[in-house]
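J.:
Numbering (my numbering), first residue to last: 36 to 594.
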C-alpha cells in the first residue's frame with residue numbers, strides 16, 4: 036500500500052516511527068480501529084504510555100494517509116476515543132504502571148535497608164524480601180475497589196502450587212474483557228440489557244438483533260482468540276449436523292428442492308400413508324420438473340431413494356408438517372398469544388426424538404442455585420418456557436418473548452439477557468457437579484480442558500423469528516454467546532421450506548442437548564478417578580479468569 040504524507044512534520048514523525056515497523060500496522064491489518072492501534076503500539080518500544088500523545092499519533096497518521104479508508108477512520112475517531120473499550124484500555128495501563136512503580140520503589144528501599152544492615156546474613160535478606168513482596172501484594176489489593184481490581188486480582192491461581200508463577204502471560208489476552216466487565220458493572224441498569232455485565236461476550240455479527248448495538252467480542256479479544264473460539268463453536272455445530280440420520284437429511288433436502296409449495300398436500304399424504312405418502316408425492320412432483328432443472332430432479336430422486344419410511348427422525352419431520360398445517364388452518368398463522376404459538380407450533384417442532392423438555396413457566400434449578408449463591412439468601416429460579424434436560428441435568432433453555440414483540444422492545448432485550456443468564460447458570464452448575472465428584476477446586480488441567488467441550492444450547496423467539504445460540508466458556512468466569520442459526524416461523528400454507536429448515540435446526544439443537552448430557556456423564560466418571568487414585572492428586576490446574584462476585588440489581592428498567 037502506497038503511503039503519502041502531506042506535511043514535512045508528518046513526514047518526520049512517520050519516518051521516525053517507520054524505523055520500528057510502525058507503518059506495518061496500517062499495511063497488514065484489515066481493521067484500523069483506535070483500540071487495535073493502541074494494542075499494537077503497546078507492543079512497540081516507542082509506546083509513550085501517554086493517552087494524548089498516542090491518540091495524536093493515530094490521528095496524525097490517518098491524516099497523512101491519502102485514501103478513503105483513513106478518512107472513514109478519522110470520522111469515527113472522535114467517538115471511539117471516548118468509548119468504553121478505549122477508556123478501559125487506558126485505565127488498565129495507568130493502574131499497571133502505578134502498581135509497578137509501587138512495587139519497584141518498595142523493593143528498592145527494602146533491598147537498600149537489607150544491604151546496609153544485614154549484609155552478611157543471607158537468611159535474613161531472603162526472609163525480609165519475601166515478607167515485602169507479600170506486603171506489597173496485599174497493599175495493592177486493599178487499595179483497589181471491588182470494581183477496579185488489578186489484573187492479578189482477576190486471575191484464579193491454583194492454591195495448591197507453592198511455586199511462584201506469573202499467570203499474566205497466559206491471561207493477558209483477556210485483560211481488556213476483564214476491564215470492560217468491571218467498568219460496565221458500575222451501571223446497574225446494564226445488568227438487565229447487556230450480557231457483558233454478567234461476563235458474557237457477544238460473538239454475533241454486527242447489527243444483529245436483539246440489541247444490535249451491543250459491543251461485540253472482537254472489541255475485547257485478540258483476533259487469534261476470536262478465531263479459536265469461533266472454530267470450536269462452528270466445529271460443534273458441524274459435528275452435530277453430521278449426526279442427523281440419512282433419512283431425515285434426505286427428506287429435508289427433497290422438501291427444499293421440490294416444487295411443492297402446499298403444506299396441506301403434504302399433511303394430507305402424511306396423515307393417510309405416513310412418510311411413504313410424502314415420498315410418493317415428492318416423486319410425482321419431481322417427474323413433472325422441466326428439463327432445465329434436471330439437476331434438481333436427479334438430486335430429489337437420489338434423496339428419496341435414501342429415505343427409510345420407519346426412521347424416527349423422518350417420521351418427526353412428517354409430524355411437524357401435520358402440526359404446522361393444523362396451526363395455520365386454526366389460526367391462519369396470526370396469533371397474539373405466546374402460549375398458543377408455543378403449544379401449536381414451537382412445542383411440536385421442539386419435541387425431537389429422544390429430546391426431553393418441560394414446557395410452561397417451569398423454574399430453573401440451576402438459575403435458583405446461581406441466584407442464591409450471588410445473594411446469600413434463598414431465591415427462585417427464572418420461569419422458563421422450555422427447559423431441556425439430559426442425563427438428569429439441565430442442558431438447555433428456550434424462551435418466547437411473544438409474537439407481538441419486536442427486536443427493539445424492552446421485553447425482547449431483557450429476555451435475551453435472562454435466557455443467557457440461565458444458560459450460564461446451567462454451565463456453572465455442571466462445573467460445580469464435576470468439582471464435587473473430583474474433590475478438586477479448581478479442577479485439574481485435564482478436566483478443565485474437557486469442560487471446554489460442553490457448550491450450552493438455547494433459543495430465543497422474538498415476534499415470529501427464532502434464533503438458536505451456543506454459550507461457551509472462554510476462561511473461568513468469562514463466557515461467550517454465538518447465534519448459529521436463525522429462521523422465520525411458518526405462517527402460510529406455502530411455507531414448506533420454512534418448516535423443513537425449522538425441523539433441521541431443532542434436530543441439530545436436540546443433538547446439542549444430548550451432547551451436553553453425554554459429555555457431562557463422561558466427565559463425572561473421569562472426575563471420580565481423581566478422588567480414588569492418589570497418584571493423580573498432584574496434577575496441577577491452569578490459571579483462569581476470575582471476575583468479581585455478581586450482585587443482581589433488584590430494580591428492572593421501566594418498560
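Backbone N, C-alpha and C define an ideal beta-carbon position, used for all residues, glycine too.
1. Excluding the five sequence neighbours on either side, which residues of its own chain have a C-beta within less than 7 Å of the C-beta of residue 282, listed in chain order?
2. Would you check if the distance between the CB atom of residue 291 and the CB atom of residue 535 is smaller than 8 Å?
3. How far does the beta strand (DSSP E) with residue 429 in it extend, from its first residue to its last?
4. Tell me, to the nearest whole angstrom, how far the beta carbon of residue 312 is from that of residue 512; I am working on the premise that it is less than 8 Å.
5. Bridge partners of residue 233, per DSSP?
6. Give a yes or no on whether the C-beta atoms belonging to residue 493 and residue 458 are separated by under 8 Å.
7. Residue 526: buried (16+ other C-beta within 10 angstroms of its C-beta) or exposed?
8. Which first and last residues belong to the beta strand (DSSP E) in which residue 504 is found?
9. Does the Cβ of residue 102 have 16 or more other Cβ atoms within 10 Å, making it buried, or fewer, making it exposed?
10. Within 10 angstroms of the Cβ of residue 440, are there 16 or more other Cβ atoms? Answer buried if so, exposed if not.
11. What span of residues does the alpha helix (DSSP H) with residue 520 cover, start to end?
12. Please state whether DSSP places residue 395 in a helix, a strand or coil.
13. List the whole-angstrom C-beta distance separating residue 320 from residue 356, where the pair is believed to meet the contact cut-off of C-beta under 8 Å.
14. Enumerated in chain order, which unbroken segments of the beta strand (DSSP E) with a length of 3 residues or greater are wholly contained in the stretch 226-314?
15. Tell me whether residue 478 is buried or exposed, calling it buried when 16 or more other Cβ atoms sit within 10 Å of its Cβ.
16. Just the C-alpha distance for residue 66 and residue 85, rounded to the nearest angstrom, thanks.
17. Excluding the 5 residues flanking residue 194 on each side, which residues of the same chain have their C-beta closer than 7 Å to its C-beta?
18. At the level of alpha carbons, what is the spacing between residue 180 and residue 218?
19. Taking the alpha helix (DSSP H) that residue 465 falls in, what are its first and last residues?
20. Between the beta-carbon of residue 124 and the beta-carbon of residue 73, is there less than 8 Å?
21. Distance, Cα to Cα, residue 256 vs residue 208?
22. Can you give me the C-alpha to C-alpha distance between residue 533 and residue 383, rounded to a whole angstrom?
23. Which value, in whole angstroms, describes the spacing of the CA atoms of residue 288 and residue 245?
24. Across which residues does DSSP place residue 419 in a beta bridge pair?
25. Which class does residue 67 belong to by DSSP, given the choice of helix, strand or coil?
26. Is the beta carbon of residue 498 sitting closer than 8 Å to the one on residue 438?
27. Could you check the C-alpha separation between residue 249 and residue 230 for me, to the nearest Å?
28. Can you check whether the CB of residue 491 is closer than 8 Å to the CB of residue 551?
29. If you follow the alpha helix (DSSP H) that residue 366 is in, where does it begin and where does it stop?
30. Starting from residue 492, follow the beta strand (DSSP E) in both directions and report where the run begins and ends.
31. Report back the beta-carbon spacing between residue 503 and residue 467 to the nearest angstrom; my notes put them in contact at under 8 Å.
32. Looking only at its chain, what residues have a beta carbon closer than 6 Å to the beta carbon of residue 558, apart from the 5 residues adjacent to it on each side?
T.: This is what the structure holds:
1. Hits under 7 Å: 341, 342, 343, 346, 348, 349.
2. Their beta carbons are under 8 Å apart, which means residue 291 touches residue 535 by this criterion.
3. For residue 429, the enclosing beta strand (DSSP E) stretches over residues 428-435.
4. Between residue 512 and residue 312 the Cβ distance is about 53 Å, and since that is not below 8 Å, they are no contact.
5. According to DSSP, residue pairing for residue 233 in a beta bridge does not occur.
6. With contacts defined as CB atoms closer than 8 Å, residue 493 and residue 458 qualify as a contacting pair.
7. Label assigned to residue 526: buried.
8. Counting along the chain, the beta strand (DSSP E) containing residue 504 begins and ends at 500-510.
9. Within 10 angstroms of the beta-carbon of residue 102 lie fewer than 16 other beta-carbons, which makes it exposed.
10. With 16 or more neighbouring CB atoms inside 10 Å of its own CB, residue 440 falls in the buried class.
11. It is not in any alpha helix (DSSP H) - residue 520 instead sits in the beta strand (DSSP E) that spans 513-523.
12. Three-state result, residue 395: strand.
13. With 8 Å as the limit, residue 320 and residue 356 do not qualify as a contact, their Cβ atoms being about 15 Å apart.
14. If one requires a minimum length of 3 residues, the beta strand (DSSP E) runs lying completely within the stretch 226-314 are 235-237, in chain order.
15. Buried is the call here.
16. Rounded to whole angstroms, residue 66 to residue 85 spans 23 Å at the Cα level.
17. Per-residue confidence for residue 194 stands at a pLDDT of 44, beneath the threshold of 50, marking its modelled position as unreliable; no derived number is given.
18. Confidence in residue 180 is poor, its pLDDT being 41 and thus under 50, which makes the residue's placement unreliable; the coordinate value appears in the next sentence. The straight-line gap from Cα to Cα measures roughly 12 Å.
19. Under the DSSP assignment, residue 465 falls in the alpha helix (DSSP H) whose first and last residues are 445-473.
20. In contact: residue 124 and residue 73 (Cβ atoms closer than 8 Å).
21. Rounded to whole angstroms, residue 256 and residue 208 show a C-alpha spacing of 6 Å.
22. Each residue's Cα considered, the two are about 15 Å apart.
23. Note on geometry: alpha-carbon atoms of residue 288 and residue 245 lie some 30 Å from one another.
24. Note: residue 419 sits in a beta bridge opposite 397.
25. Coil, per DSSP.
26. For residue 498 and residue 438, yes; Cβs fall inside 8 Å.
27. When the Cα atoms are used, residue 249 and residue 230 turn out to be separated by approximately 9 Å.
28. With respect to residue 491, residue 551 sits close: the two C-beta atoms are nearer than 8 Å.
29. Residue 366 -> alpha helix (DSSP H) spans 347-366.
30. Counting along the chain, the unbroken beta strand (DSSP E) around residue 492 starts and ends at 491-497.
31. Between residue 467 and residue 503 the Cβ distance is about 26 Å, and since that is not below 8 Å, they are no contact.
32. Same-chain partners within the cutoff: 469, 485.
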